[in-house]
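Here's the structure, in structure tokens; my notes come after.
2 protein chains.
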Amino acid sequence: MTRTYGEGCPIALSLDIVGERWALLVVRELRLGPRRYRDLQEALPGITPAVLSKRLRELEEYGVLHRRELPPPAAARVYELTEWGASLEPVFQALARWGVRSPVLPLTGEVSADSIMLGLRTFFTASDASGDGVSWSATYEIGLGRDVYRLRVDDGRLTELARGPATTAPDVLVRTTKAVWQAVLDGAEPLADAVAAGRMSVTGDRTLLQRLVDAPRKIRPTPAPAG
Amino acid sequence: MTRTYGEGCPIALSLDIVGERWALLVVRELRLGPRRYRDLQEALPGITPAVLSKRLRELEEYGVLHRRELPPPAAARVYELTEWGASLEPVFQALARWGVRSPVLPLTGEVSADSIMLGLRTFFTASDASGDGVSWSATYEIGLGRDVYRLRVDDGRLTELARGPATTAPDVLVRTTKAVWQAVLDGAEPLADAVAAGRMSVTGDRTLLQRLVDAPRKIRPTPAPAG
DNA sequence: CCGGATCCTTATAGATACTG
DNA sequence: CAGTATCTATAAGGATCCGG
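The listed protein sequences derive, respectively, from chains A and B.
Heads up, the first sequence is in UniProt numbering, so the first residue is 1 and it goes up one at a time.
Heads up, the second sequence is in UniProt numbering, so the first residue is 1 and it goes up one at a time.
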């Protein structure tokens with residue numbers, strides 16, 4: 001390792017490991033499972049091949065991820081998080097919750113389908129039962145363009161979020177675009193409108209879907225910088 | 001801002017704000033209260049004045065901290081976190097808990113007195129009452145060299161940690177060095193030995209102090225990188 | 001086409017000295 | 001004390017190229 005903070009503080013050590021430019025975003029892209037070099041390059045607009053290669057080498061060396069060769073016929077090289085690398089999850093959660101409350105810099109730009117779904121998990125708060133006493137459990141398959149995800153909610157808790165179609169028939173099946181799904185999650189467009197306008201197709205119990213999109217509450221209190 | 005990830009992902013936004021080299025460590029130094037430029041420079045070995053100035057300007061611009069002029073006679077310029085900046089605390093906690101489990105890079109180097117005390121808070125877990133039914137509440141004043149801290153534990157929860165002496169007579173008063181305190185916290189030296197050898201002076205109930213140093217459990221499971 | 005390596009340019013950080 | 005100025009070293013950005 002070249003540049004080091006050289007401190008005994010565990011925070012500084014963490015930053016020695018994942019504090020370099022792009023490093024944490026590379027890890028972010030692996031949160032939902034293994035990815036190929038090409039996938040990472042596409043998901044990280046602006047990263048150059050040299051930097052991506054360097055980060056992958058470093059992160060492998062430090063034990064955050066490892067590369068694995070898929071056997072034929074799928075013959076491909078993929079990168080995936082080690083157990084320790086996957087345990088960065090609380091860091092991502094904390095950073096995401098902090099970032100959405102940024103009082104100065106706005107939250108603008110493209111978001112990958114992965115990030116949208118992970119954001120759902122980050123801001124997911126079991127909706128309070130509100131007296132109806134009905135426990136909320138359901139399975140979902142959400143398709144955003146070509147990216148498909150399966151979700152499972154058990155007793156109001158999001159217990160599964162993975163890439164790929166549902167393994168059994170889901171309670172709700174959704175097909176839409178990234179943009180529409182994000183608008184609905186942000187509350188910018190009511191779910192009913194998106195469906196009525198044909199921008200989202202829903203198969204199954206729509207009230208279960210409504211509960212899902214209501215669950216994350218990305219409130220942005222925007223505290224005054226208190227100069 | 002010059003370099004930007006340019007994404008709509010809140011994680012990327014957070015990294016745009018505090019992801020630059022040294023930025024998060026500057027914030028770390030302000031977790032226990034305002035500091036002067038000089039204090040920061042001394043606490044961050046290796047940072048150059050130009051970089052420190054730049055980070056302080058940027059972090060102020062983004063609303064993470066603000067500078068304040070203390071009125072005479074204490075006439076000094078200090079930097080302190082905004083409310084939003086202070087809400088980075090979960091990020092530090094997550095990074096610290098992750099870093100101590102690093103399977104490859106070792107945790108070596110100097111640690112500031114502030115970081116040791118904050119580490120105590122990060123890894124503080126109320127010791128299970130273990131059947132004795134005695135609720136643990138106490139006040140402490142810990143002196144490490146010239147740095148003095150006051151702590152308060154209420155019902156097994158660490159409710160106060162601040163720079164400076166206790167405001168009323170503490171239940172336990174400790175005077176020692178950074179190195180000895182850290183060795184005791186790490187379990188490298190038993191509390192009784194440090195006291196017996198005259199490396200730590202304790203006034204008050206020593207069993208209350210034992211509970212305090214036992215509270216943080218910095219277990220390092222060192223998961224195999226699973227190559 | 002995938003998985004990078006190479007080359008050149010630009011931006012940022014490190015080192016040191018110096019000033020209001 | 002609280003920074004700025006200058007110079008150098010390193011890392012990142014941009015484009016191209018290459019082997020399997």
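Note that the Cβ used here is the ideal one computed from N, Cα and C, for glycine as well.
Model, not experiment: these values are computed from the prediction.
Residue i classed as buried or exposed, judged by whether at least 16 other C-beta atoms fall within 10 angstroms
i	result
Ser14 of chain A	buried
Gly6 of chain A	exposed
Ile219 of chain A	exposed
Thr4 of chain A	exposed
Ala50 of chain B	exposed
Val180 of chain A	buried
Pro165 of chain B	exposed
Ala74 of chain B	exposed
Glu69 of chain A	exposed
Arg55 of chain B	buried
Ala129 of chain B	Since pLDDT at Ala129 of chain B reaches only 49, below the 50 mark, its modelled position is unreliable, and no value is offered.
Range covered by the alpha helix (DSSP H) that runs through residue i
i	result
Gly99 of chain B	89 to 99
Arg38 of chain A	37 to 43
Tyr62 of chain A	49 to 62
Ser211 of chain B	The sequence as given places Arg at residue 211 of chain B; Ser does not occur at that position. That run of the alpha helix (DSSP H) goes 206 to 214.
residue 229 of chain A	This structure leaves residue 229 of chain A out entirely; chain A is present only between 1 and 227.
Leu120 of chain B	113 to 122
Val195 of chain B	191 to 196
Beta-carbon proximity list for residue i, same chain, < 8 Å, skipping 5 on both sides
i	result
Asp154 of chain A	Ser137
Arg31 of chain B	Leu81, Ala86, Glu89, Phe92, Asp114, Leu118
Val64 of chain B	Ile17, Val18, Val27, Leu81, Thr82, Trp84, Gly85, Leu88
Asp186 of chain A	Lys218
Gly33 of chain B	Glu80, Ala162, Arg163
Thr167 of chain B	Arg150
Ile116 of chain A	Leu144, Lys178, Trp181, Gln182, Leu185
Residue i: first and last residue of the uninterrupted beta strand (DSSP E) it sits in
i	result
Val78 of chain A	76 to 81
Val174 of chain A	172 to 176
Glu160 of chain B	157 to 163
Arg28 of chain A	Per DSSP, Arg28 of chain A belongs to no beta strand (DSSP E); it is in the alpha helix (DSSP H), 23 to 29.
Glu69 of chain B	65 to 70
Leu144 of chain A	138 to 144
Arg217 of chain B	Where Arg217 of chain B is concerned, there is no enclosing beta strand (DSSP E), given that its DSSP letter is neither H nor E.
Leu151 of chain B	147 to 154
Cβ-Cβ separation, residue j to residue i (assumed contact under 8 Å), whole Å
i	j	result
Ile17 of chain A	Tyr79 of chain A	With a Cβ gap of about 16 Å, Ile17 of chain A and Tyr79 of chain A do not count as contacting.
Arg101 of chain A	Trp84 of chain B	6 Å
Leu191 of chain B	Leu209 of chain B	7 Å
Ile11 of chain B	Gly99 of chain A	6 Å
Glu141 of chain A	Arg152 of chain A	Not confirmed; about 10 Å, so no contact.
Leu52 of chain A	Ala23 of chain A	That belief does not hold up - the Cβ atoms of Leu52 of chain A and Ala23 of chain A are roughly 10 Å apart, past 8 Å.
Contact set for residue i: own chain, Cβ-Cβ below 6 Å, skip 5 residues either direction
i	result
Pro216 of chain B	Leu120, Phe123, Phe124
Arg175 of chain A	Gly143, Ser201
Ala162 of chain B	Arg150
Met1 of chain A	none
Leu212 of chain A	none
Asp147 of chain B	Ala113
Glu20 of chain B	none
Leu158 of chain A	Arg121, Phe124
Pro71 of chain B	none
Distance CB(residue i)-CB(residue j) smaller than 7 Å
i	j	result
Asp171 of chain B	Asp193 of chain B	no
Val111 of chain A	Gly8 of chain B	yes
Ala196 of chain B	Glu189 of chain B	no
Leu25 of chain B	Leu40 of chain B	no
Arg57 of chain B	Arg67 of chain B	no
Ala169 of chain B	Ala94 of chain A	no
Leu173 of chain B	Thr203 of chain B	yes
Gly156 of chain A	Lys178 of chain A	no
Arg35 of chain A	Glu29 of chain A	yes
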